[in-house]
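Let me begin by presenting the structure, written as structure tokens, before commenting on it.
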Amino acid sequence: MRTRAAVALEAGKPLEIMDVELEGPKEGEVLVEIKATGICHTDEFTRSGGDPEGLFPSILGHEGAGVVVEVGPGVRSLKPGDHVIPLYTAECRECEYCLNPKTNLCQAVRSTQGQGVMPDGTSRFSMPDGTKLHHYMGCSTFANHTVLPEISLAKIREDAPFDKVCYIGCGVTTGVGAVINTAKVEIGATAIVFGLGGIGLNVIQGLRLAGADRIVGVDLNPEKKVLAEKFGMTDFVNPNDVDGPLAPYLVDYTGGGGDYTFDATGNVNVMRQALESAHKGWGESIIIGVAPAGAEISTRPFQLVTGRVWKGTAFGGARGRTDVPKIVDWYMEGKIEIDPMITHTMGLDDINHGFDLMHEGKSIRSVVTY
Ligand code: NAD
Ligand code: AHE
Ligand code: ZN
Numbered sequence: 000m001r002t003r004a005a006v007a008l009e010a011g012k013p014l015e016i017m018d019v020e021l022e023g024p025k026e027g028e029v030l031v032e033i034k035a036t037g038i039c040h041t042d043e044f045t046r047s048g049g050d051p052e053g054l055f056p057s058i059l060g061h062e063g064a065g066v067v068v069e070v071g072p073g074v075r076s077l078k079p080g081d082h083v084i085p086l087y088t089a090e091c092r093e094c095e096y097c098l099n100p101k102t103n104l105c106q107a108v109r110s111t112q113g114q115g116v117m118p119d120g121t122s123r124f125s126m127p128d129g130t131k132l133h134h135y136m137g138c139s140t141f142a143n144h145t146v147l148p149e150i151s152l153a154k155i156r157e158d159a160p161f162d163k164v165c166y167i168g169c170g171v172t173t174g175v176g177a178v179i180n181t182a183k184v185e186i187g188a189t190a191i192v193f194g195l196g197g198i199g200l201n202v203i204q205g206l207r208l209a210g211a212d213r214i215v216g217v218d219l220n221p222e223k224k225v226l227a228e229k230f231g232m233t234d235f236v237n238p239n240d241v242d243g244p245l246a247p248y249l250v251d252y253t254g255g256g257g258d259y260t261f262d263a264t265g266n267v268n269v270m271r272q273a274l275e276s277a278h279k280g281w282g283e284s285i286i287i288g289v290a291p292a293g294a295e296i297s298t299r300p301f302q303l304v305t306g307r308v309w310k311g312t313a314f315g316g317a318r319g320r321t322d323v324p325k326i327v328d329w330y331m332e333g334k335i336e337i338d339p340m341i342t343h344t345m346g347l348d349d350i351n352h353g354f355d356l357m358h359e360g361k362s363i364r365s366v367v368t369y
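The following block contains the structure:
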């Protein structure tokens with residue numbers, strides 16, 4: 000079939016909107032009509048050329064929601080008409096990783112996913128001239144139709160609005176899950192969140208949900224303060240207003256440091272500040288941000304010797320097919336908020352404007368509706 004897509008032809012270039020060819024679903028695969036997709040900073044990271052796994056030409060996008068159109072042979076858990084959220088972290092429930100309660104990193108399709116192809120080693124997407132296009136993060140939600148493995152789709156309730164719950168496909172689950180699943184924050188905790196964008200605000204609402212007492216937000220952009228307060232931030236610190244090194248300032252400001260600190264910037268210098276502003280003896284620092292090719296983290300080992308813990312989280316530690324439908328329920332029941340974070344909505348033809356808004360710091364989430 001033909002479908003409309005935003006194609007990343009080359010690193011660093013704007014996406015090109017065009018008709019592309021899409022082959023139907025093969026064994027174990029599902030054809031989905033994408034109804035809405037968010038634009039995450041990770042899409043920009045890959046578009047810009049900063050992703051060591053980035054492949055071109057490709058169809059980016061990994062934060063979508065849509066409807067099953069057709070299922071391939073052997074698909075049992077989904078049928079046409081089901082509402083779904085694509086998962087860049089699959090959940091096969093059978094691999095060594097899925098069977099280990101310590102991780103959510105299902106490996107069933109991870110290696111082919113990283114090569115931009117389906118599990119059989121081929122792509123379903125091509126340009127009208129026959130040039131093959133790579134899939135992205137197993138999702139490619141910047142296309143009106145896409146094909147995914149059955150194990151990379153979470154079935155969700157049918158009354159959930161696509162243009163809101165698409166955000167659960169990455170940002171909401173990542174931020175809230177980092178608090179609940181990875182840090183396991185307890186009632187009364189003090190936390191520091193670096194970066195108050197589409198992920199950091201969800202860390203903040205996750206902290207509120209977990210019952211944290213003090214939620215300190217750190218961002219260079221003072222305009223992020225108002226919205227972060229609406230989600231539960233109790234204190235705001237702009238590093239530009241701090242004289243001297245930031246970490247000792249934050250340790251002092253919080254009376255010893257954060258029980259939990261989170262990096263949601265992707266900047267390795269900030270990751271160090273986050274670790275070093277965690278409380279001596281027990282503070283845990285969670286890396287969420289994705290850093291560019293070649294970037295490395297560093298700190299004095301003494302920071303760890305004296306009890307701080309450095310951790311990372313992917314997709315908020317969530318097992319998508321199990322957890323994503325529950326998070327959709329939380330949204331529908333009013334336990335978490337999404338609507339105020341979706342600051343801009345646009346058609347696919349204007350998707351590059353969504354990337355511009357992100358660069359200008361004007362958006363939290365831009366959502367493309369088809
Ligand atoms: P965003 O652009 O919406 O937000 C980033 C925020 O960080 C902005 O508010 C910006 O002003 C702030 N910032 C930048 N430099 C800073 C600094 N030096 N100090 C303080 N604040 C600073 O991006 P996002 O969509 O929220 O994504 C954040 C990061 O999380 C990205 O690196 C993204 O790739 C990553 N991410 C990781 C996962 C995961 O599973 N681990 C999932 C989604 C996104
Ligand atoms: N491909 C990059 C790393 C990108 C990365 O860390 N991705 C996160 C999700 S970001 C979503 O916005 C993730 O889940 N990683 C685990 C995984 O298996 O990809 C690189 O540096 O090579
Ligand atoms: Zn993302």
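Numbering-wise (numbering that gives the first Met the number 0), the sequence shown opens with residue 0 and increments by one.
C-beta: ideal position from N, C-alpha, C; glycine also.
Check: Could you give the DSSP three-state label for S76: helix, strand or coil?; Outcome: coil
Check: Taking just the CA atoms, how far does V202 sit from I38?; Outcome: 18 Å
Check: DSSP three-state label for T145, please.; Outcome: strand
Check: Taking the alpha carbon of G360 as the reference point, which residue from E332, D218, G65 has its own alpha carbon closest?; Outcome: D218
Check: Just how far apart, CA to CA, sit F161 and V66?; Outcome: 9 Å
Check: Pop quiz: F44 and A7 are said to be a contact at Cβ under 8 Å. What is the actual Cβ separation, rounded to whole angstroms?; Outcome: With a Cβ gap of about 12 Å, F44 and A7 do not count as contacting.
Check: Specify whether the stretch 248-260 and the stretch 275-290 touch according to this definition: at least 3 beta carbon pairs, one from each stretch, less than 8 Å apart.; Outcome: yes
Check: Under the rule that 16 or more other beta-carbon atoms within 10 Å means buried, what is G319, buried or exposed?; Outcome: buried
Check: Quick check: does the Cβ of T376 come within less than 7 Å of any heavy atom belonging to the ligand ZN?; Outcome: Outside the shown range of the chain (0 to 369) lies residue 376, about which nothing can therefore be said.
Check: Would you mind stating whether L245 and A227 have Cβ atoms separated by less than 8 Å?; Outcome: no
Check: Is the distance from the Cβ of V171 to the Cβ of I326 below 8 Å?; Outcome: yes
Check: Could you give the C-beta distance for M340 and R364, rounded to a whole number, given that I count them as a contact under 8 Å?; Outcome: 5 Å
Check: Buried or exposed: where does N143 fall if 16 or more other Cβ atoms within 10 Å of its Cβ makes it buried?; Outcome: buried
Check: Buried or exposed: A294, going by 16 or more other Cβ atoms within 10 Å of its Cβ?; Outcome: exposed
Check: Could you please give me the residues that DSSP links to R3 through a beta bridge?; Outcome: D18
Check: Could you tell me the boundaries of the alpha helix (DSSP H) in which G120 lies?; Outcome: That residue, G120, is in no alpha helix (DSSP H); it is neither H nor E in DSSP.
Check: How would you write the range of the beta strand (DSSP E) that G63 sits in, first residue to last?; Outcome: 63-70
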